[in-house]
Amino acid sequence: VEMVIEDVSDSAFYDMAWVEDAELGRGYLLLSDSSSTGKVWRYETGGGLVPIGKSLYLDQSGCRSNFWTSCGEQARSGSKGLAVQALKDEDRFDIGSLIIVEGGEKRIVRLEKDGARTPLVLNIPSLCDGKESMRLSSPGKVVYTPFGDLLFTDTVQCQEQIGNGTETSLITRTGLFRVKEVLNSPSIAFHQSRAAHKWTMEQMIEHHPEVSVEVAYIGMETISSVVVGKDVTSLFISGSSVMTGQGCHNGIYKVMEDTDEDSGRKKIDDTQLFFDMSKFFPKNKSCRDKDVQIAMTIDDQGNIFASYPGGVAIIDSHGELLATVQIEGNNENGTKLNLVANALTIGNDGYLYIATDAALQRYKIKSKMLEYPTNLIVPKKK
């Protein structure tokens, strides 16, 4: 494993996206930082062996307005999930507009060519009893599908009644949500960007009357990562839930998508368990520890790369474990630590990239990144 960015002070790397640049004739990696007000970093290598390295791609990319969250330096309100929105019949699936989860602004936006940030998601159907709609609470990962839809996660805290009494309990719930045909969300102009920070759903509907967000999957306390399968009709969803008498259970589930069916919210734990990751995790009664997350990516053979504390498991398309890769770091005293990956992705340069809170590593692999087709994406409306 090669360390390419190491010991970035006060950072909290969250997600990655590989972007291909047709003009440069090569691609580069974008890396989001959820600390403070947020940054998006760019990492690339040149045409030769000398790396160009890390450069700042976007600043204040998670919190700017102070309207929804205080954007102080101590805040953890930065950039979270990243995805690339390709258009129908584009040369590659990783050429397009960047979609960013803005933690502090509590919204998901698309970065336009003129620098405008078009709001794509503000509110979601509530996961708490007795509520219909609510502002995004703690949005996380985003996935752009080969059909032009946007999938994203959000985690909420619900205060709910216990039994028939007056006592209540705080319950954590995570959902996977869908915006169909997100590429047809109309763009705003650059001069509208500042005012759009304060948009509520009323302004959002005025801008895009057809905007709609649906709950796709529920049933897990945390959803760490979502990957579209090689067949483009399946999803792999990783996360954790507390099982009665067993404590926290960590797993990867495989669900089949039906893009033409509006069947409402489905429970993930009612679907097929693709791979049980619990053997790689210490036994915990709670799933609230940061170390329970499972970052994922997929290669051109349909193999799933899934992280655990101190390593990455490589699992074939049938759910059989092929190999593991160890990822380690050192503390201030030089003692080796098992690092926890926040994100995994495979670049078009033949490397598996592994992002932890303060470091970026890469591992040379024989397989290639999975190139999804672009001919299935819905046409962009005129």
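Using this note's numbering, the letters of the sequence shown map in sequence onto residues 971 to 1352.
Cβ coordinates follow ideal geometry from the N, Cα and C atoms, glycine included.
Quantities reported herein were computed from a predicted structural model and do not represent experimental measurements.
Residue j and residue i - do their beta-carbons sit closer together than 8 Å?
i, j, result
"Ser-1049", "Ser-1004", "yes"
"Tyr-1013", "Ile-975", "yes"
"Pro-1279", "Asn-1308", "yes"
"Ala-1283", "Thr-1294", "yes"
"Gly-1145", "Tyr-1187", "yes"
"Arg-1148", "Leu-1121", "yes"
"Ile-1222", "Phe-1244", "yes"
"Leu-1330", "Leu-1028", "no"
"Val-971", "Ile-1297", "yes"
"Met-938", "Pro-1109", "There is no way to answer for residue 938, as the model of the chain reaches only from 971 to 1352."
"Gln-1030", "Thr-1007", "yes"
"Pro-1095", "Val-1183", "yes"
"Trp-988", "Thr-1315", "yes"
Under 6 Å Cβ to Cβ from residue i, same chain only, skipping five residues before and after it: list those, please.
i, result
"Val-1348", "Gly-1118 and Glu-1151"
"Arg-1034", "none"
"Asn-1093", "Ser-1103, Arg-1105 and Met-1171"
"Ala-1313", "Asp-985, Met-986, Ala-1265 and Ala-1325"
"Gly-1209", "Met-1190, Thr-1192, Ile-1193 and Ser-1194"
Return the chain-ordered list of same chain residues with a C-beta closer than 7 Å to the C-beta of residue i, the five sequence neighbours on each side being excluded.
i, result
"Gln-1127", "Leu-1140 and Thr-1142"
"Leu-1057", "Gly-1066, Leu-1153, Ile-1347 and Lys-1350"
"Gln-1129", "Thr-1138 and Leu-1140"
"Arg-1077", "Pro-1089, Val-1091, Leu-1092 and Leu-1106"
"Lys-1353", "What is shown of the chain runs 971 to 1352, which leaves residue 1353 out entirely."
What is the C-beta distance between residue i and residue j, in whole angstroms, given that I count them as a contact (C-beta under 8 Å)?
i, j, result
"Val-1225", "Cys-1218", "Actually they do not touch by this definition, with Cβ atoms about 21 Å apart."
"Phe-1037", "Asp-1327", "Actually they do not touch by this definition, with Cβ atoms about 27 Å apart."
"Asp-1270", "Lys-1338", "5 Å"
"Lys-1111", "Leu-1340", "About 17 Å; that fails the 8 Å criterion."
"Gly-1074", "Cys-1041", "6 Å"
Output needed for residue i: all residues of its chain with C-beta closer than 8 Å, excluding positions within five of it in sequence on either side, in chain order.
i, result
"Pro-1252", "Asp-1261 and Pro-1279"
"Ala-1159", "Asp-1084 and Ala-1086"
"Ser-1204", "Val-1198, Lys-1224, Val-1225, Met-1226 and Glu-1227"
"Asp-980", "Ser-1005 and Ser-1006"
| request: Just list the beta strand (DSSP E) runs in the stretch 1005 to 1082, keeping only unbroken ones of 3 residues or longer that don't cross its boundaries, in chain order. | output: For the stretch 1005 to 1082, whole beta strand (DSSP E) runs of length 3 or above, ordered along the chain, are 1009 to 1015, 1021 to 1029, 1049 to 1055, 1067 to 1072 and 1077 to 1081.
| Any chance the stretch 1047 to 1065 sits against the stretch 991 to 1008, with 3 or more Cβ pairs inside 8 Å? | The stretch 1047 to 1065 is in contact with the stretch 991 to 1008.
| request: Output the residue ranges of the beta strand (DSSP E) runs that lie fully inside the stretch 1282 to 1339 and measure 3 residues or longer, sorted by chain position. | output: Fully enclosed beta strand (DSSP E) runs of 3 or longer: 1291 to 1296, 1298 to 1300, 1306 to 1308, 1313 to 1316, 1321 to 1325 and 1330 to 1334.
| Secondary structure, beta strand (DSSP E): runs of 3+ residues fully inside the stretch 1190 to 1243 | Fully contained in the stretch 1190 to 1243 are the following beta strand (DSSP E) runs of length 3 or more, in chain order: 1192 to 1198, 1204 to 1213 and 1217 to 1226.
| Which runs of the beta strand (DSSP E), 3 residues or longer, sit entirely within the stretch 1163 to 1192? | Those beta strand (DSSP E) runs which fall completely within the stretch 1163 to 1192 and span 3+ residues are 1184 to 1190.
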